[in-house]
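Residues in the sequence shown are numbered consecutively from 835, following our numbering.
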Amino acid sequence: MPLAGHLIELRRRLVIAAGALLVGMIVAFFITDPILDFVTAPIHEVAKIRPHALVGFTFNSVTAPFDLRMRLAFSIGIFLSAPIWLWQLWAFIMPGLTKKEIRYTIGFVGAAVPLFFAGCWVGVLVMPHIILLMAGFTPEGADNLYSAQEYYDFIFKLMIVIGVSFIIPVFLVALNFAGIMSGRAILKAWRIAILIACLFAALATPAADVVSMLMLAGILIVLYFAAACLSLLFDRRKHKRQQEFLEESTV
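Structural data, given as structure tokens:
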């Protein structure tokens, strides 16, 4: 296919993906009320533990309530339309791949997408504990007024960061497949990996929330060792195939 044909195909795929995102946003816009109730539930808990303080959700401009709903609709629309725009992306790059590359890509994407959403869900579970814990450090006489935009940004960034951290083991396996890192080299760095996982968990969760920190660090460490063991298994298969090839070539 000439370059112009690729550009036309890319435009068609992008239009379909954008249309799916728009439909997802429209659907999500009408279900923002229960989602807002869910994400603001920790604020109501803060109000219970600080009955003498002013606790609430604030909007700093006339259009801020609408902006918040549009932000939520966009984020939820991305998740709802993910099967369609992921398929459009895959359908665009698939013709340029070999059968072997297609098989590997399906495996990597099939592992990365659920892990990313699992990480986002862990972020949702950790979020209320972080908000309640941070509210406990509010001095007497002070109020807890949460800006809607900053509150949303905090939750969204927390979900994305933890979601991305969950797919790092998939990249380690991909590096092993590419021959850049051996499984033994990945496993050899287990001390550094545990240290990085604990530091990341400490930064992603409040220092005083030990349970959330240990839970997040434990999941990351398990995923790391799973990636290392899988890479060792692949290395063993590669070595076995090389041995068989050498034996056949000598015969």
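For glycine and all other residues, C-beta sits at the position ideal for the given N, C-alpha and C.
What you are looking at is a predicted structure, and each value in this text was computed from that prediction instead of being measured.
Cα atoms of residue 1045 and residue 1019: separation of roughly 31 Å, rounded to the nearest angstrom.
Counting only runs of at least 4 residues, the segment 955-1012 fully encloses the following alpha helix (DSSP H) elements, listed from N- to C-terminal order: 982-1000, 1002-1011. CA-to-CA, the gap between residue 1015 and residue 883 works out to about 51 Å. For residue 1066, same chain residues with a beta-carbon under 6 Å away, outside a window of 5 residues either side, are 1017 in chain order. The continuous alpha helix (DSSP H) containing residue 866 extends over residues 866-873. Annotation for residue 893: no alpha helix (DSSP H) segment contains it, and DSSP assigns it neither H nor E. The shortest C-alpha to C-alpha distance from residue 982 to any of 957, 923, 906, 949 is the one to 906. For the alpha helix (DSSP H) assignment, the uninterrupted runs of no fewer than 4 residues enclosed by the segment 906-932 are, from N- to C-terminal side, 916-927. DSSP places residue 886 in the coil class of the three-state scheme, outside both helix and strand. Cβ contact annotation for residue 910 (same chain, cutoff 6 Å, sequence separation greater than five): 862, in chain order. If you draw a 10 Å sphere on the C-beta of residue 1063, you find fewer than 16 other C-beta atoms in it, and that means exposed.
By the neighbour-count criterion, in which 16 or more other beta carbons inside 10 Å mark a residue as buried, residue 961 falls on the buried side.
Restricting attention to 943, 868, 1048, the CA atom closest to the CA of residue 917 is found in 943.
A straight-line Cα-Cα distance of about 16 Å links residue 1038 and residue 986. Residue 842 sits exposed, since fewer than 16 C-beta atoms from the chains shown fall within 10 Å of its C-beta. When the five nearest sequence neighbours on each side are left out, the beta carbons in the same chain lying within less than 7 Å of the beta carbon of residue 993 are those of 954, 957, 958, in order along the chain.
Close CB contacts of residue 969 within its chain, under the 6 Å cut and outside five residues either way in sequence, are with 880, 978 (chain order).
Boundaries of the alpha helix (DSSP H) around residue 1036: 1024-1038. With a cutoff of 8 Å on beta-carbon distance, residue 1009 and residue 876 are scored as not near each other. Around the beta carbon of residue 858, 16 or more other beta carbons sit within 10 angstroms, so the residue counts as buried.
Sequence-distant Cβ neighbours of residue 945 in its own chain, meaning closer than 6 Å and more than five residues away, are 1004.
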